[in-house]
Amino acid sequence: MKNLCRIISGALASLFAAALLAGCAGKEASGTSDTPAAPPTGGYVEEDVSPDHNYNVGLFVVDGVLNAFTVENPVTPLAQQTVHWYALGQDGQWQEQSGSGFEQLAAQVGDGIAYPTAYLTQDGKLFWSVTVITENAEKTSETSYFAVENGTAQKLDALPAGEASLAFSPDIVAVAACGDTLLTTTTSMELNACDLSGAPVQMELPELELGSRFLCGSANGYYMLDDQNKIWHYTLGGTTAELALDGGRFSISDPGMFVQSAAVGPDETLYVQMSDGNMASGNSRLLCYRWDTELTVSAGGELTIFSLYRSDTVEAAVNAWQKATGGTAAYTWALEEGSEDGISTVSGSREDALTQLNTQLLAGAGPDVLILDDMPVDSFIEKGLLMNLSGQVDTSGMLENLTGVWQTEEGLFALPARCFPLLAGANEATLSTITDAETLAGLLAAEPNIYDDGRNETMPLLTYYNTVQLFDTFYPLYAKDIWRDGQLNETACRQFYELLGQIRTGGGATLKNTAPFDRPDGTYYHPQNNTEGAFINCLCRAFCSPTYSLNGLGGDFYYASRAGGANAGEVKALATASGTTSIQPVCAAAVNVSAQNPEGAVQFIQTLLSEEVQRQNTYDGVPVLKSAVLSQWEEGFAQYDTSTGTDIVAVLESMDPNVPSTVLRSAVGAGAQQYFDGVSLDEAVETARQEAALWLAEQG
1 MKNLCRIISG ALASLFAAAL LAGCAGKEAS GTSDTPAAPP TGGYVEEDVS PDHNYNVGLF
61 VVDGVLNAFT VENPVTPLAQ QTVHWYALGQ DGQWQEQSGS GFEQLAAQVG DGIAYPTAYL
121 TQDGKLFWSV TVITENAEKT SETSYFAVEN GTAQKLDALP AGEASLAFSP DIVAVAACGD
181 TLLTTTTSME LNACDLSGAP VQMELPELEL GSRFLCGSAN GYYMLDDQNK IWHYTLGGTT
241 AELALDGGRF SISDPGMFVQ SAAVGPDETL YVQMSDGNMA SGNSRLLCYR WDTELTVSAG
301 GELTIFSLYR SDTVEAAVNA WQKATGGTAA YTWALEEGSE DGISTVSGSR EDALTQLNTQ
361 LLAGAGPDVL ILDDMPVDSF IEKGLLMNLS GQVDTSGMLE NLTGVWQTEE GLFALPARCF
421 PLLAGANEAT LSTITDAETL AGLLAAEPNI YDDGRNETMP LLTYYNTVQL FDTFYPLYAK
481 DIWRDGQLNE TACRQFYELL GQIRTGGGAT LKNTAPFDRP DGTYYHPQNN TEGAFINCLC
541 RAFCSPTYSL NGLGGDFYYA SRAGGANAGE VKALATASGT TSIQPVCAAA VNVSAQNPEG
601 AVQFIQTLLS EEVQRQNTYD GVPVLKSAVL SQWEEGFAQY DTSTGTDIVA VLESMDPNVP
661 STVLRSAVGA GAQQYFDGVS LDEAVETARQ EAALWLAEQG
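Using UniProt numbering, the letters of the sequence shown map in sequence onto residues 1 to 700.
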C-alpha cells in the first residue's frame, strides 16, 4: 500500500477558514517591504494514501472512519472481479474488512461485463448496485440491487427509502451526508436537501455554476469543486463560500486526471479519489489533504512564465513547481489557438507579441522563463538575452540528441521539454516495404480508391482531414532540403509538392464518415478508447490509420500487431530517400538573462524535465526524458495486450533534430495550398519564392 507524502504550502493555502481548521486564522502572505517578514506557517500536507487494487467503487466516512471499496479486474464479468473493503486506521494503515457480501451477489447476476458500485449509509448499512451489460445482437443492460447483512447479500426488489435509494437513483448523480441532512445533485444539476429518510428539507442552497460540481459533505457543511479545481466550503443553509483548497497547487490538477469522488474525515481532512477515466489502466490515486499548523512555507518566491501559445506541459510544470516550492507562478500566453473545420486558427498577432517581448527583454525586463516555440531563438541568443544554463540543469536522463539543440560555443541557452518525431509503424514485413517517404507516396498513389467506410472494414493507408494537416505532417521532414542558408531551393520545393500530390491521391483526401477531432490545435493525434493512457495519444503529426489497407501502416502502433496476426508491431523513423529524419524539439524553455527570480526559473526548467511532469500524457508532444518515453510506450502496448520489438529510445535518439522557421514554413505552405487548389507546379513554386523573398526583404 502507498503512503507517499508531499508537503504543500503557501499563502493561498492559508486562506482556509478558522472555523474549519484550527490554527489557520490570521495567516497571510509574506509582505513586500524591504524588511524580511517571518515565513508564514501552516499549510497542507498532501499524502497518497491509495489502498491496494485502487479502482475505487465507493468512498465513505462513517463514524469518523474512512471506508474504501475497491475492485480487482474491473470491466469483466462479476465472477472474475474481487472486491476489497478497507477501513483506514488511526495509525494511517488500511485494514481489510470482511462482510462485503460480494461473493454471494456475484452468483446472482448475469455473465456480461459488470459494473458494481457500493454505498455505505451513515448508520453502517451496506448496499450494492450492479449493472451488467450483455453484447448480443443488441447491447442490453440490467441493474440489480443488494443489501448486505452479516456478510450476506440479499437481492432487493426495491431499495428502502433514504440514502441508498437516493444514491442509486438514475435521476441523481451525487449524494452526501452533512450530519443528519442529505444533499443531492440531480441530473439537471440542481442541489436539493432532505433528511435521512429522503423527505425534502427546505434550505437555502447555491446554484451550481457551469463547470462546478458538488463534491462531499461533513458535519460542518459541504464542499464544491469549481472548473479551476478549487475546492470551496459552504456552511449548511448558507450560500457564501470560503476557499478551502486551491487545486492549482496540488495533484488534483494533474493533466489527464480528474476528481472521481471525495469524502471528509475528522478535523475536516479531505480525501480525494483521482482517476484517468480508464478502468483498465490502474491509474488512480486516493489523495489525503490535512492541515499542518506547524508547516513553514518554503521560499519559492514569485515566478513569471511566458509563451506565444498555451502549453499543457507548461501548465503541468507550473502546478508541480508551486507544489514543490510553495512559490507562486504566473503563466501567460499571447495567442489563442483554435480550429475551424479541422484547420488551425490563431487569434492575435505573433509579430506584435514578439515586438513587445523584444522591447521588454532589451530593456532588462520581461518574464523570468520564456517558452521559445515560434520565437526567434537564435536572435535572442546572439543579443545575449538568454541565460547560460550550462551546468545548472541536469540533462542526463534526456534523449541525447535533444540536449544540445541550442548549444553554442558560449553555452547552453534552451532545453526542450517535448518533441514531435515523424514515425512509421506496422508489422515487420510491412514496415520493411516502406523504405522512405517517397516510397510511401508511391504506394498511396497506387491505391487511390481506398476510403473509410465507417465500419473500419476498409481504411486508407494514411488518413488526414484536410490538406493543411497533410502539409504540416510532412513539411518538417523536407524543410532542410527546401531551404538552403535561408534561400528557397526551387527544385526541392517542386519535388515536395509532387510528393504531397501523390499522397493526396491515395491517402484519404475524400474520407467518408470522418470529422476532425475537436482539439484546439487542430492536429489529429487523439486518445484511443477515450483514455489518455497510451503513448500514441501525443505521438506526432504522422499516421493514424488502423490496419486494413496495404497490410496496415499506422501511427496507432498497438494496432500494428493485429495486421500480421501474432506478429508484434514495429516502429521506425520515417526518412526521406536521402536519409533525412525529423524530430522537432518543442516546449523549449529558457531563462531571461534579466530574470527577477533566476534561481526559481532554473528550478522551473528542471521541473519541466522531472519525472512528475514528463510522465504526464499531454497533447503537445512526446516526452524528452527517456524513462518517461519508455513508461508511456510500454503502458500503451500493455493496455491492448500487444507487444513490440522496437527500442523506442534508440529510434528517437537516432533522429535528426529539426526546428523549422515558422515564417519560411508559411511561404512554402502558401504555394502548397495553391497547388492543392489546382494551379500548376510552376505557379505554386513561384508563390513560395515570392513569399520568401518578401520576408527576406523585410529582414533587410
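Cβ coordinates follow ideal geometry from the N, Cα and C atoms, glycine included.
All figures in this text were calculated on a predicted structure; none of them were measured in a lab.
> Which residue or residues does DSSP assign as beta-bridge partners of ALA177?
Replying inline: By one-based count along the sequence shown, residue 177 stands at place 177. In DSSP, ALA177 forms a bridge with LEU182.
> GLY342: buried (16+ other C-beta within 10 angstroms of its C-beta) or exposed?
Replying inline: For the purposes of this step, residue 342 is identified with residue 342 of the sequence shown, where counting begins at 1. Confidence at GLY342 is low in this model, with a pLDDT of 49, below 50, so the placement of that residue should be treated as unreliable; the coordinate-derived value is given next. Under this definition GLY342 is a buried residue.
>> Checking the sheet assignment: what are the DSSP bridge partners for VAL65?
In response: The residue you call residue 65 lines up with position 65 of the sequence shown. VAL62.
>> Short of 6 Å in beta carbon distance, which residues of its chain neighbour CYS127, apart from the five on each side in sequence? Order them along the chain.
In response: Stepping through the sequence shown from its first residue, residue 127 is reached at position 127. Rather than Cys, the amino acid found at residue 127 in this sequence is Phe. These residues qualify, in order along the chain: TYR119, ALA147, ALA164.
> For VAL369 versus THR328, is the C-beta distance shorter than 9 Å?
Replying inline: In the sequence shown, counting from the first residue as 1, residue 369 sits at position 369. In the sequence shown, counting from the first residue as 1, residue 328 sits at position 328. The Cβ atoms of VAL369 and THR328 lie no closer than 9 Å to each other.
> If we call anything under 9 Å between Cβ atoms a contact, is VAL151 one with THR121?
Replying inline: Within the sequence shown, residue 151 is the residue found at index 151, counting from 1. Within the sequence shown, residue 121 is the residue found at index 121, counting from 1. Looking at the sequence provided, one finds Gly at residue 151 rather than Val. Going by C-beta atoms, GLY151 is not nearer than 9 Å to THR121.
> What's the call for LYS383, buried or exposed, on a 16-neighbour Cβ count within 10 Å?
Replying inline: Along the sequence shown, one-based indexing puts residue 383 at 383. Counting Cβ neighbours within 10 Å, LYS383 comes out exposed, since fewer than 16 surround it.
> Does DSSP classify ASP436 as helix, strand or coil?
Replying inline: For the purposes of this step, residue 436 is identified with residue 436 of the sequence shown, where counting begins at 1. Note: ASP436 maps to coil in three-state DSSP.
> If we call anything under 9 Å between Cβ atoms a contact, is LEU166 one with THR184?
Replying inline: On the sequence shown, residue 166 is found 166 positions in, with the first residue counted as 1. On the sequence shown, residue 184 is found 184 positions in, with the first residue counted as 1. In this structure, THR184 lies closer than 9 Å to LEU166 by Cβ.
> Would you report the Cα separation of PHE496 and SER578, rounded to the nearest angstrom?
Replying inline: The sequence position of residue 496 within the sequence shown is 496, counting from 1. The sequence position of residue 578 within the sequence shown is 578, counting from 1. Computed Cα separation, rounded: 13 Å.
> Residues in its own chain within less than 7 Å of ALA693 by CB, not counting five upstream and five downstream?
Replying inline: Working through the sequence shown from its first residue, we reach residue 693 at position 693. Closer than 7 Å at the Cβ level, and outside the excluded window around ALA693, lies no residue.
> Based on Cα-Cα distance, which residue from GLU204, PRO660, TYR222, ALA79 lies nearest to GLN104?
Replying inline: Working through the sequence shown from its first residue, we reach residue 104 at position 104. Comparing Cα positions, the closest option is ALA79.
>> Let me see if you follow: with CB-CB separation under 9 Å, is GLU351 close to chain D or not?
In response: Absent here is chain D; the protein component of the structure consists of one chain.
> Based on Cα-Cα distance, which residue from LEU608, GLY671, GLN356, ALA114 lies nearest to ASP394?
Replying inline: Here residue 394 corresponds to residue number 394 of the sequence shown, with the count starting at 1. Selected option, being the one with the closest Cα: LEU608.
> Which of the three DSSP states, helix, strand or coil, is assigned to TYR222?
Replying inline: One-based indexing of the sequence shown puts residue 222 at position 222. Strand, per DSSP.
> If we ignore side chains and look at the alpha-carbon of each, how far apart do LEU477 and PHE258 end up?
Replying inline: Position 477 of the sequence shown, counted from the first residue, corresponds to residue 477. Position 258 of the sequence shown, counted from the first residue, corresponds to residue 258. Cα-Cα distance, rounded: 37 Å.
> Between VAL83, GLN322, ASP48, ALA176, which lies nearest to GLY600 when the distance is taken from Cα to Cα?
Replying inline: Walking along the sequence shown from the start, residue 600 turns up at place 600. It is GLN322.
> Do you know whose CA, among ASP682, ALA589, GLN93, ASP63, lies nearest ASP373's CA?
Replying inline: Within the sequence shown, residue 373 is the residue found at index 373, counting from 1. The option with the nearest alpha carbon to ASP373 is ALA589.
> For GLN93, is the classification buried or exposed, using 16 other Cβ atoms within 10 angstroms of its Cβ as the cut-off for buried?
Replying inline: One-based indexing of the sequence shown puts residue 93 at position 93. Flag for GLN93 reads exposed.
>> Using DSSP's beta-bridge definition, name the partner residues of GLY43.
In response: Locating residue 43 in the sequence shown gives position 43, where the first residue counts as 1. Its beta-bridge partners are ASP292.
>> Tell me the rounded alpha-carbon separation between ALA534 and ALA628.
In response: The residue labelled residue 534 in the question sits at position 534 within the sequence shown. The residue labelled residue 628 in the question sits at position 628 within the sequence shown. Unreliable positioning characterises ALA534 in this predicted model, as indicated by a pLDDT of 25, which lies under 50. A coordinate reading is not provided.
> Does DSSP put VAL57 in a helix, a strand or coil?
Replying inline: Here residue 57 corresponds to residue number 57 of the sequence shown, with the count starting at 1. If DSSP states are grouped into helix, strand and coil, VAL57 belongs with the strands.
>> Short of 8 Å in beta carbon distance, which residues of its chain neighbour ARG665, apart from the five on each side in sequence? Order them along the chain.
In response: Working through the sequence shown from its first residue, we reach residue 665 at position 665. Taken in chain order, the residues that qualify are TYR475, ALA479.
> Is it true that the CB of PHE413 sits closer than 9 Å to the CB of ILE381?
Replying inline: The residue given as residue 381 occupies position 381 in the sequence shown. The residue given as residue 413 occupies position 413 in the sequence shown. Taking 9 Å as the Cβ cut-off, ILE381 and PHE413 qualify as a contacting pair.
>> Here's the rule I'm using: 16 or more other beta-carbon atoms within 10 Å means buried, otherwise exposed. How should ASP111 be labelled?
In response: Looking up residue 111 in the sequence shown gives position 111. So ASP111 counts as exposed.
>> So, does the region 258-268 touch the region 51-59, judging by three or more C-beta pairs under 8 Å?
In response: Yes: at least three Cβ pairs fall under 8 Å.
>> Restricting to Cα atoms, I'd like to know which of LYS125, SER275, ASP48, ASP171 is closest to GLU149.
In response: Mapped onto the sequence shown, residue 149 falls at position 149. When only C-alpha atoms are compared, the closest one is LYS125.
> Going straight from the alpha carbon of ASP647 to that of ALA334, what length do you get?
Replying inline: Position 647 of the sequence shown holds residue 647. Position 334 of the sequence shown holds residue 334. Spanning the two alpha carbons is a distance of roughly 39 Å.
>> I need the straight-line Cα distance from ASP123 to VAL622, nearest angstrom please.
In response: On the sequence shown, position 123 is the one that residue 123 refers to. On the sequence shown, position 622 is the one that residue 622 refers to. Cα to Cα, the separation comes out at about 50 Å.
>> Just to confirm before moving on: does the CB-CB distance between LEU389 and VAL586 stay below 9 Å?
In response: Taking the sequence shown and counting its residues from 1, the one referred to as residue 389 is at position 389. Taking the sequence shown and counting its residues from 1, the one referred to as residue 586 is at position 586. No, the pair does not count as a contact, with Cβ atoms beyond the cut-off.
> When DSSP labels each residue in this structure, what does GLN690 get in the three-state scheme?
Replying inline: The residue labelled residue 690 in the question sits at position 690 within the sequence shown. Residue state, collapsed to three classes: helix.
> Do you know offhand how far GLN673's Cα is from ALA441's?
Replying inline: Counting from 1 along the sequence shown, the entry for residue 673 is found at position 673. Counting from 1 along the sequence shown, the entry for residue 441 is found at position 441. Rounded to the nearest whole angstrom, the CA to CA distance from GLN673 to ALA441 is 18 Å.
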